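Take numbering that gives the first Met the number 0: the last position of the sequence shown gets the number 261, and nothing is skipped along the way.
A virtual CB, placed ideally from N, CA and C, is assigned to each residue, including glycine.
Here the structure is a predicted model, which is why all the values come from computation and not from measurement.
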Amino acid sequence: MAEQRFSGQTVMITGAAGGFGAEAARKFAESGARLALSDRDEAGLERIKAELQETGADVWIETYDVGDETQTKAHIGQVMDRFGSLDIAFNNAGICHDLKPLTSLPVEDLDRMFAVNVRGVFLGMKYQIPVMQKAGRGAIINMASAGGLVGAGMLSAYAASKHAVIGLTRSAADETGRTGVRINAVCPSFAQTAMYQNFSEAMAESQNRPVGEIDAAFTKRSPMGRVIRSEEVISAVLWLAASDNTAVHGQAISVDGGLTAV
0 MAEQRFSGQT
10 VMITGAAGGF
20 GAEAARKFAE
30 SGARLALSDR
40 DEAGLERIKA
50 ELQETGADVW
60 IETYDVGDET
70 QTKAHIGQVM
80 DRFGSLDIAF
90 NNAGICHDLK
100 PLTSLPVEDL
110 DRMFAVNVRG
120 VFLGMKYQIP
130 VMQKAGRGAI
140 INMASAGGLV
150 GAGMLSAYAA
160 SKHAVIGLTR
170 SAADETGRTG
180 VRINAVCPSF
190 AQTAMYQNFS
200 EAMAESQNRP
210 VGEIDAAFTK
220 RSPMGRVIRS
230 EEVISAVLWL
240 AASDNTAVHG
250 QAISVDGGLT
260 AV
C-alpha cells in the first residue's frame, strides 16, 4: 500500500482525462488525496473517475474551459464547496500544434497555444493563490516543458507558450513566497504519452521515414538513451507537492533524461 502522504488533502488537476493528468490522478489517489479533476474530454474524465473510485478514492469531476475566466473561477469555487480546501493544484492542461516551420505556422495556432497553455495557467493561479493564501499554505505545480527551456524547431508556438508558463511560474512565486504558497513548474521532454506518439508519427510522415527511425533518433540524442516514462514526470510533481518540501520555490524542474543538460 502506498504511503498516505496526501491523506486529507484536496488536489486539483486540469487535463486529467489522459496522459500526465491521469497518471497524476492515480498517484495522488494512491497517496490518499481527494481529487478534483477536469478536462474538456468528458468521456475520458468519466473513465478515470470510474477507475479511481474502484480503488476507494474520493473523486469529483467537471468539464470546463481552462482559458475562460468565469468558468475557472466557478470551478475553483465548486472545489471549495465540495471539499472545503484546496491544498495542491496541478495546472496540467495543454495542447500542441502540428509540426510546421514558423514561416508556415498560422497565427491562429499561436493564439490557440496561448489561449490554453498560458491563459489556463494564468487563470488557474489567479484563483488558486487567494484560496491557498487564506489557508496559509498550498502548492501549485504548472506543466511546462523542456521546450520552455530551449528552442523547439517546428514547434515554435508551443515552445513560446511553455516559455511563458515558466515566466508566469517564477513571477507568481516572487509574489507568494512569504504567504506559505509554493509555486513551481515541471519541464518534461517527450514522454511515453499519446502526445509523444502523435509527435513521432507526424515527424515520420513529414520526413517520409518509419516511426521507428524517429524514435531511435530521439533516444540516441538523449543522454539516458530512452524516452522518459510518464510516471517519472509525475514522481517529480508529487515531490514538488509534498508538504515537507518547504524550500523549493519558483523553480522549473527538468525531467528530461538529461536532454537539456547537453
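Review point. For Gly76, which of helix, strand or coil comes out of DSSP?
Key: Position 77 of the sequence shown, counted from the start, is the residue given in the question as residue 76. Note: Gly76 maps to helix in three-state DSSP.
Point to revise | Alpha-carbon spacing of Val164 relative to Ala235, whole angstroms | key: Counted from its first residue, the sequence shown places residue 164 at position 165. Counted from its first residue, the sequence shown places residue 235 at position 236. Those two C-alpha atoms are separated by around 17 Å.
Point to revise | Per DSSP, the bridge partner or partners of Asn90 | key: Taking the sequence shown and counting its residues from 1, one reaches residue 90 at position 91. DSSP lists Asn141 as partners of Asn90.
Review point. What are the partner residues of Trp59, as DSSP defines its beta bridges?
Key: To locate residue 59, count along the sequence shown from 1; it is residue 60. In DSSP, Trp59 forms a bridge with Ala35.
Review point. Going by the CB atoms, is the gap between Thr13 and Asn116 shorter than 8 Å?
Key: Residue numbering aside, residue 116 sits at position 117 when the sequence shown is read from its first letter. Residue numbering aside, residue 13 sits at position 14 when the sequence shown is read from its first letter. In this structure, Thr13 does not lie closer than 8 Å to Asn116 by Cβ.
Check your understanding: Can Gln191 and Ser229 be called in contact, C-beta distance under 8 Å?
Key -> Translated into positions along the sequence shown, residue 191 becomes position 192. Translated into positions along the sequence shown, residue 229 becomes position 230. A contact, by the Cβ cut-off of 8 Å.
Check your understanding: Exposed or buried, Ser6, counting other C-beta atoms within 10 Å across all chains shown (16 or more means buried)?
Key -> Start at 1 with the first residue of the sequence shown, and residue 6 comes out as number 7. The residue in question, Ser6, is exposed, as its Cβ has fewer than 16 Cβ neighbours within 10 Å.
Review point. Going by Cα to Cα distance, which pick from Ala92, Ser170, Asp255 is closest to Thr71?
Key: Here residue 71 refers to the residue found at position 72 of the sequence shown. For the options Ala92, Ser170, Asp255, the alpha carbon positioned closest to that of Thr71 is the one of Ala92.
Exercise for review: Take every Cβ of the segment 171-188, pair it with every Cβ of the segment 203-216, and state whether three or more of those distances are shorter than 8 Å.
Suggested key: no
**Study point:** Three-way DSSP call (helix, strand, coil) for Asn183 in this model
**Key:** As a first step, residue 183 is located in the sequence shown; it is residue number 184 there, counting from the start. Of the three classes helix, strand and coil, the one that applies to Asn183 here is strand, per DSSP.
Review point. Is the CB-CB distance between Ile233 and Glu50 below 8 Å?
Key: In the sequence shown, residue 233 corresponds to position 234, counting from 1. In the sequence shown, residue 50 corresponds to position 51, counting from 1. Contact check for Ile233 against Glu50 fails: the beta carbons are separated by 8 Å or more.
Check your understanding: Counting Cβ pairs, one atom from each stretch, are 3 or more of them under 8 Å apart for the segment 52-69 and the segment 103-122?
Key -> yes
Review point. What are the start and end residues of the beta strand (DSSP E) that includes Val10?
Key: By 1-based counting over the sequence shown, the position of residue 10 is 11. Here the beta strand (DSSP E) through Val10 covers 9-12.
Exercise for review: Express the C-alpha separation of Leu258 and Arg220 in angstroms, rounding to a whole number.
Suggested key: Locating residue 220 in the sequence shown gives position 221, counting from the first residue. Locating residue 258 in the sequence shown gives position 259, counting from the first residue. Roughly 7 Å between the two C-alpha positions.
Review point. Ends of the beta strand (DSSP E) at Ala251?
Key: The sequence position of residue 251 within the sequence shown is 252, counting from 1. Start and end: 251-254.
Review point. What do you get for Val187, buried or exposed, if any count of 16 or more other CB atoms within 10 angstroms of its CB means buried?
Key: As a working mapping, residue 187 is identified with position 188 in the sequence shown. The residue you asked about is not Val; residue 187 is Pro in the sequence shown. The residue is buried, with at least 16 neighbouring Cβ atoms inside 10 Å.
Check your understanding: Which partner residues of Ile227 appear in the DSSP bridge assignment?
Key -> Against the sequence shown, residue 227 aligns to sequence position 228. The partner list for Ile227 (beta bridge, DSSP) reads Ala190.
Review point. Taking three-plus beta-carbon pairs below 8 Å as touching, is the segment 78-90 in contact with the segment 136-154?
Key: yes
**Study point:** Within-8 Å CB hit, Glu204 to chain C
**Key:** Absent from the structure is chain C; it holds one protein chain and no more.
Check your understanding: With respect to the alpha helix (DSSP H) encompassing Thr102, which residues constitute its N-terminal and C-terminal limits?
Key -> Here residue 102 refers to the residue found at position 103 when the sequence shown is read from its first residue. Unbroken run through Thr102: none, as it is neither H nor E.
Review point. Do Ile213 and Val180 have their CB atoms nearer than 8 Å?
Key: Position 214 of the sequence shown, counting from 1, holds the residue named residue 213. Position 181 of the sequence shown, counting from 1, holds the residue named residue 180. Cβ distance not < 8 Å, so Ile213 and Val180 don't count as in contact.
Point to revise | Option nearest Trp238 by Cα separation, candidates Ala184, Val226, Arg136, Thr62 | key: As a first step, residue 238 is located in the sequence shown; it is residue number 239 there, counting from the start. The residue with the shortest Cα to Cα distance from Trp238 is Ala184.
Point to revise | Candidates Gly43, Ala73, Ala42, Gly150: closest to Val130 by CA position | key: Reading the sequence shown from its first residue, position 131 is the one you call residue 130. The shortest Cα separation from Val130 among Gly43, Ala73, Ala42, Gly150 belongs to Ala73.
Exercise for review: Select from Gly146, Ala56, Gly18, Gly83 the residue whose C-alpha is nearest the C-alpha of Asp40.
Suggested key: Here residue 40 is taken as the residue at index 41 of the sequence shown, counted from 1. Nearest C-alpha to Asp40: Gly18.
Check your understanding: Could you check where the alpha helix (DSSP H) with Gly20 kicks off and where it finishes?
Key -> Along the sequence shown, read from residue 1 onward, the residue named residue 20 stands at position 21. Residues 18-29.
Check your understanding: DSSP three-state call for Val236: helix, strand or coil?
Key -> What you label residue 236 is simply residue 237 of the sequence shown in a count that begins at 1. In the structure shown, Val236 sits in a helix (DSSP, three-state: H, G or I).
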